[in-house]
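Same order as they appear, the protein sequences are chains A and B. In case it helps, the numbering used here puts the first sequence at residues 997 to 1187. In case it helps, the numbering used here puts the second sequence at residues 997 to 1187. Written below as structure tokens is the structure these notes are about.
Number of protein chains: 2
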Amino acid sequence: MENAGVQTVSSQRLGKIEGVNPSQIRKDLSMFGSFGHRGFGYEVSQLKAHITEILGLNRKWSLVIIGAGQLSNVFINSGAFRKRNLRIRKIFDDTPELIGKKIKGISVSGMKNLEEEIDPETDNLAIIAVPPNRVQSVIDRLGKIGIKGALYFAARAVNAPEDMVVVNQDVSVELGTLTYHLKARINQGAG
Amino acid sequence: MENAGVQTVSSQRLGKIEGVNPSQIRKDLSMFGSFGHRGFGYEVSQLKAHITEILGLNRKWSLVIIGAGQLSNVFINSGAFRKRNLRIRKIFDDTPELIGKKIKGISVSGMKNLEEEIDPETDNLAIIAVPPNRVQSVIDRLGKIGIKGALYFAARAVNAPEDMVVVNQDVSVELGTLTYHLKARINQGAG
DNA sequence: TAGATTGTTAATCGATTAACAATC
DNA sequence: TAGATTGTTAATCGATTAACAATC
Chain A
997 MENAGVQTVS SQRLGKIEGV NPSQIRKDLS MFGSFGHRGF GYEVSQLKAH ITEILGLNRK
1057 WSLVIIGAGQ LSNVFINSGA FRKRNLRIRK IFDDTPELIG KKIKGISVSG MKNLEEEIDP
1117 ETDNLAIIAV PPNRVQSVID RLGKIGIKGA LYFAARAVNA PEDMVVVNQD VSVELGTLTY
1177 HLKARINQGA G
Chain B
997 MENAGVQTVS SQRLGKIEGV NPSQIRKDLS MFGSFGHRGF GYEVSQLKAH ITEILGLNRK
1057 WSLVIIGAGQ LSNVFINSGA FRKRNLRIRK IFDDTPELIG KKIKGISVSG MKNLEEEIDP
1117 ETDNLAIIAV PPNRVQSVID RLGKIGIKGA LYFAARAVNA PEDMVVVNQD VSVELGTLTY
1177 HLKARINQGA G
């Protein structure tokens, strides 16, 4: 909206865009403060700034990527991180040809140096892009040195320390969602 | 669990693994049938079969990928699709060097042939892996020819026809979730 | 001022959890 | 049989929505 030059937006309009009730929009936002103006709505740039702050994306974060495969490359090249103040500081992988090299300016270290080269004071979170059967061991190692947040991609549940936020974003769940709904529609069409 | 040779599992144990109340497990499953045995729990292989069927993953699905970038390659190489009976039938992209070629045995066509070469009777769903600003137009085109399900990756909301299930899986949301929680923890630590 | 829209309280709705009879 | 655990009903809890005074 900001790019489109929209100045002001109402809960009504926001609700329509996101497919939720306008009250929901107002209620949710009011949990964090009063960002709107009665009679007018919300100023787009202000609202964006507030949400950015709520999410903690107004400050800089440092992160490491574990695993230097195709998926990691997607992230390294995506710009989604830079745009959100998320700096990829280091990559860990066990491929001999990559260790000691740089990928897009980010240096690659061997997995065995993980504990040594990650400092939770510096690196706030980790993206775990290793094969599914290695995810748990990586989380264990990261948890042990005190990393407090991680994102992983695997069709399985994992264990993590109490004070570590671990989020899964495997495509499997969404694929299941799609086929579940499609199945229902097809049956409906047939019935 | 099946791989680990576990025969039987209780709602108690499943709840522990997923971090939810055992009642929740039983209630949710009972929406679709009675898959357990009183006094014993659920038989792992049977439960898996039931869930597979509920999700519609017991039948074969055909899908197309729009966009032949790095992300598409992750999917093409991942095996997550084949494992779930999801067959990638065709890829669409506008890179001249790719059109007419095959990627891992899947043929690539130009974007302009999209309407011509996709038949919703054959292709049930689409993975949209194009730059964010092109996602909406792809959804419009797919919706028009009657594709009923799509998965896309972009930090923006889209419009789709009523009868089309569109799921977003952009990494941005999860990154925001992580920084939101981390921020709270850090403030807590400081306070 | 009249019209619009917020922020918030109250009402509704649905989802989660507890409890327990059924039963393996 | 005694112990365990489901499937389901009832109770609780929380989330969503409606309503409206405040006010721009």
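By construction, the Cβ of each residue, glycine as well, lies at the ideal position given by its N, Cα and C atoms. Quick caveat: nothing in here was measured; it's all calculated off a predicted structure.
Whose Cβ in chain A lies nearer than 9 Å to the Cβ of Arg-1181 (chain B)?
Lys-1144, Gly-1145, Asp-1159 and Val-1161
Determine the chain A residues that contact Asn-1196 (chain B) at a beta-carbon separation under 8 Å, and present them in chain order.
Lying before the first or after the last residue shown, residue 1196 (chain B) is absent from chain B, which here runs from 997 to 1187.
Supposed close pair Ala-1151 (chain B), Asp-1166 (chain B) - CB separation, criterion 8 Å:
5 Å
Below-7 Å beta-carbon distance, Leu-1178 (chain B) vs any chain A residue:
yes
Ignore the nearest five residues each way along the sequence and tell me which others in Phe-1077 (chain A)'s own chain have a CB closer than 7 Å to its CB.
Phe-1071 and Ile-1084
Between the Cα of Met-1107 (chain A) and the Cα atoms of A:Asp-1090, A:Asp-1159 and A:Pro-1127, which residue gives the shortest distance?
A:Asp-1090
Between the CA atoms of Lys-1079 (chain B) and Lys-1044 (chain B) - distance to the nearest angstrom:
14 Å
Strictly below 9 Å CB to CB, what residues from chain B border Glu-998 (chain A)?
None at all; the shortest Cβ gap to chain B is about 12 Å.
For Ile-1124 (chain A), count neighbouring Cβ atoms within 10 angstroms of its own Cβ and tell me buried if that reaches 16, exposed if not.
buried
What do you get for Met-1160 (chain A), buried or exposed, if any count of 16 or more other CB atoms within 10 angstroms of its CB means buried?
buried
Exposed or buried, which one is Thr-1175 (chain B) when buried takes at least 16 other CB atoms within 10 Å?
buried
Rounded to the nearest angstrom, what separates Leu-1053 (chain A) and Glu-1093 (chain A) at their Cα positions?
35 Å
Kindly list the residues whose CB is nearer than 7 Å to the CB of Glu-1113 (chain A), restricted to its own chain and excluding five residues on each side of it in sequence; keep chain order.
Lys-1086 and Ser-1105
Out of B:Gly-1015, B:Ala-1064, B:Asp-1119 and B:Gln-1003, point me to the one whose CA is closest to Leu-1178 (chain A)'s CA.
B:Asp-1119
For a test of the three-state rule: what should DSSP assign to Asn-1109 (chain B), helix, strand or coil?
helix
Please check the pair Ala-1156 (chain B) and Leu-1059 (chain B), which I expect to be a contact at CB under 8 Å, by giving their CB distance rounded to whole angstroms.
Incorrect: roughly 16 Å between the Cβ atoms, too far for contact.
Per DSSP, the bridge partner or partners of Ala-1189 (chain A)
Since the first residue shown for chain A is 997 and the last is 1187, residue 1189 (chain A) is missing from the structure and cannot be characterised.
Whole runs of the beta strand (DSSP E) within the segment 1124-1186 of chain B, excluding any shorter than 3 residues
1145-1148 and 1161-1164
Should Ala-1064 (chain B) go down as buried or exposed, given a rule of 16 or more other Cβ atoms within 10 Å for buried?
buried
Would a check of beta-carbon distances place Gly-1172 (chain A) closer than 7 Å to chain B?
yes
For Ile-1013 (chain B), which residues in chain A fall below 8 Å Cβ to Cβ?
Ala-1153
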